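In the working numbering, the protein residues as written are 761 to 1411. Ideal Cβ placement from N, Cα and C applies to all residues, glycine included. All of these numbers come straight from a predicted model, not from anything done at the bench. Take a look at the structure set out below.
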């Protein structure tokens, strides 16, 4: 699938189950923050440790292994016993790589696990021992996908270096390499004798197409299996599946589903609905060849579903359309009795294929947890991210209260609670720029006036409505959307777009920064500038202290500046870390600041002494959001590794 679509990478999942009496769901009820934590201060910050976690990592690969399911995630490799769904493991059996890419797979016999990295390396593990067997080296850029041959002796890999490669798992050596041209992603499947992979290309300015290649790894012969030309430019392949007997090949390309007769090379049937703009994220053909299952997502966010087609006729037989967010994986069990699927809603679901009724699910594999917001009373936590949804959890029980879907095929770039916690705001600033407001008691959307603009930098609630900082009519604008439904009020601040902007928690102040290092502090009500600060280099991130008396700004090279909002004085210039700053948050007493990094670490910095108090390690990817609880006893961190970590000081 085209990786351009919002850091959205194929997240994959499957669940194999035994008889109905064995199907259970896990119980995840527990407080998000343990009781009895000490308030975090500069004096005890060095004692901070992880005391809780939300999320098990987003899924991007899985394999059936008898009664167990091997699941590849952003946290590492998990194995679920389908007879023990009420006693699930709490940790992956193999941890994620330090530079984990969204690529991982188990061999069909469960002996081997392959994990792809952003550096182009593939690490091969022995599943029984968890030990590293070897490193497959040859790719020069990030791994996009890995698959095993049926007997586990070969691995095929797809990479951003525009090649597909084949590896011998016994000798840990490369056997073959194939260029894939301009193709972003090359879906791959193995037969007992051959590797099949797809490439897409532009035939001319108005047209595109795709080619399905095959390479016999026993004879070394390479040939073209299918060549298809479309009337659309920019053709991309998103998924591919081969029937067990090798006679039929299903291909997802652009907004179409094609099923080919491999022997004759003829197109058996096509399913297309360009009005819905459906992407086939994943495809599967049942072992008996009767059904083609498709995990489809509408770019407009309206028709996320699992669709089951008759393989012979192309007739739609069944659709499961109760998903919230992207649906990204579907597969049949080895004996064809079960159908399993996953989506950005964090669940693995399984259906009985005889009746197509749901039989069980596993939760917690959320697609993202990038941006966090805690209700003012500390009772609820909201998180949004590149999985296009906003989740709300109960802090006391850990239960997921609601999953809100804005209807965008775009990342959630910010969430905020209203002063009385009755409303929740979400903004998007990728692919589309938009905002939504929900009533949190009913989980219903509150109608608001549509706004013409782009680049929504920040959003927050004030006393009278929601404040938005955005580009509108080529000008940097602050917009008030009133609670009473009256017309929005826009105030132009500047003609030059900022690199970043942030409101104070009460909406009274707005900070904006640009590439020159100039920071403007604005009064949102009047639109007048209050103060100008100057740092070295482009402004990347902001954070206001809880009382809005201090402003922190981050620039290139991991440097952080702290400013006095009232006087404009530079309070501190904190020493640079080893990575770029991806998030900031002041401690509850304004004496220290938490600095999240692209390397997954969190630095606690003393402002007065300009010294490092502690470094928290645990995340596998960039720390994108930080917040302290209202009572100051816990620090919560959101990350691109799709988890929320809870840090505290045990008494």
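DSSP state of residue i mapped onto helix, strand, coil
{"i": "residue 888", "result": "coil"}
{"i": "residue 1408", "result": "strand"}
{"i": "residue 860", "result": "strand"}
{"i": "residue 785", "result": "A caution first: residue 785 carries a pLDDT of 45, below 50, which makes its placement in the model unreliable, though a value can still be read off. Residue 785: coil per DSSP, three-state reduction."}
{"i": "residue 1079", "result": "strand"}
{"i": "residue 1288", "result": "coil"}
{"i": "residue 1300", "result": "coil"}
{"i": "residue 827", "result": "coil"}
{"i": "residue 912", "result": "coil"}
{"i": "residue 1148", "result": "coil"}
{"i": "residue 1372", "result": "strand"}
{"i": "residue 1252", "result": "strand"}
{"i": "residue 1268", "result": "coil"}
{"i": "residue 720", "result": "In the structure displayed, the chain extends from 761 to 1411; residue 720 sits before or after that span and is not available."}
{"i": "residue 820", "result": "strand"}
{"i": "residue 1351", "result": "coil"}
{"i": "residue 958", "result": "strand"}
Local Cβ density within 10 Å of residue i, reported as buried at 16 or more and exposed below that
{"i": "residue 868", "result": "buried"}
{"i": "residue 846", "result": "exposed"}
{"i": "residue 1183", "result": "buried"}
{"i": "residue 1419", "result": "Absent from the structure is residue 1419, since the part of the chain shown begins at 761 and ends at 1411."}
{"i": "residue 969", "result": "buried"}
{"i": "residue 1410", "result": "exposed"}
{"i": "residue 775", "result": "Low confidence applies to residue 775: its pLDDT is 29, below 50, so where it sits in the model is not reliable, and the reading given next is rough at best. Label assigned to residue 775: buried."}
{"i": "residue 1110", "result": "buried"}
{"i": "residue 803", "result": "exposed"}
{"i": "residue 910", "result": "exposed"}
{"i": "residue 1163", "result": "buried"}
{"i": "residue 851", "result": "exposed"}
{"i": "residue 1247", "result": "exposed"}
{"i": "residue 1234", "result": "exposed"}
{"i": "residue 891", "result": "exposed"}
{"i": "residue 1371", "result": "exposed"}
{"i": "residue 1140", "result": "buried"}
{"i": "residue 1377", "result": "exposed"}
{"i": "residue 1342", "result": "buried"}
Opposing strand residues paired with residue i [DSSP bridges]
{"i": "residue 790", "result": "Looking at the DSSP assignment, residue 790 forms no beta bridge with any residue, so it has no partner."}
{"i": "residue 808", "result": "Residue 808 pairs with nothing; no bridge assigned."}
{"i": "residue 1155", "result": "Its beta-bridge partners do not exist; DSSP assigns none."}
{"i": "residue 1120", "result": "1110"}
{"i": "residue 1016", "result": "1013 and 1032"}
{"i": "residue 1232", "result": "1235"}
{"i": "residue 1005", "result": "The partner list for residue 1005 (beta bridge, DSSP) is empty, contrary to what the question assumes."}
{"i": "residue 1194", "result": "1188"}
Reference residue i, options the options, closest by Cα
{"i": "residue 920", "options": "901, 936, 1077 and 1024", "result": "901"}
{"i": "residue 1103", "options": "876, 1023, 1177 and 833", "result": "833"}
{"i": "residue 1322", "options": "1316, 1332, 1328 and 1315", "result": "1332"}
{"i": "residue 1056", "options": "1050, 1068, 1047 and 1241", "result": "1068"}
{"i": "residue 1046", "options": "893, 1070, 1025 and 1350", "result": "1070"}
{"i": "residue 1309", "options": "948, 978, 1350 and 1334", "result": "1350"}
{"i": "residue 1243", "options": "1006, 1225, 872 and 1284", "result": "1225"}
{"i": "residue 1329", "options": "1348, 817 and 1311", "result": "1311"}
{"i": "residue 906", "options": "899, 898 and 915", "result": "915"}
{"i": "residue 1240", "options": "1260, 1254 and 1209", "result": "1209"}
{"i": "residue 1316", "options": "1324, 1338 and 1327", "result": "1338"}
{"i": "residue 1094", "options": "1261, 887, 1124 and 1049", "result": "1049"}
{"i": "residue 860", "options": "1404, 1122 and 1400", "result": "1400"}
{"i": "residue 1314", "options": "1336, 1113, 923 and 1021", "result": "1336"}
{"i": "residue 1002", "options": "988, 1018, 989 and 1276", "result": "1018"}
{"i": "residue 943", "options": "1391, 929, 898 and 1013", "result": "1013"}
{"i": "residue 1374", "options": "1220, 1065 and 1355", "result": "1355"}
{"i": "residue 849", "options": "815, 880, 823 and 863", "result": "815"}
{"i": "residue 1250", "options": "1269, 1228 and 1267", "result": "1228"}
{"i": "residue 958", "options": "1112, 988 and 886", "result": "988"}
{"i": "residue 1263", "options": "1291, 1302, 904 and 1086", "result": "1302"}
Span of the beta strand (DSSP E) around residue i
{"i": "residue 1362", "result": "1362-1366"}
{"i": "residue 1319", "result": "Residue 1319 -> no beta strand (DSSP E), and no H or E assigned at all."}
{"i": "residue 1131", "result": "1131-1134"}
{"i": "residue 1388", "result": "1383-1388"}
{"i": "residue 1038", "result": "1038-1045"}
{"i": "residue 1088", "result": "1087-1092"}
{"i": "residue 873", "result": "872-877"}
{"i": "residue 939", "result": "933-939"}
{"i": "residue 1243", "result": "Looking at the DSSP string, residue 1243 is not in any beta strand (DSSP E), and its letter there is neither H nor E."}
{"i": "residue 840", "result": "836-841"}
Neighbour flag for residue i against chain B, beta carbons, 7 Å
{"i": "residue 1187", "result": "The structure shown contains no chain B, having only a single protein chain."}
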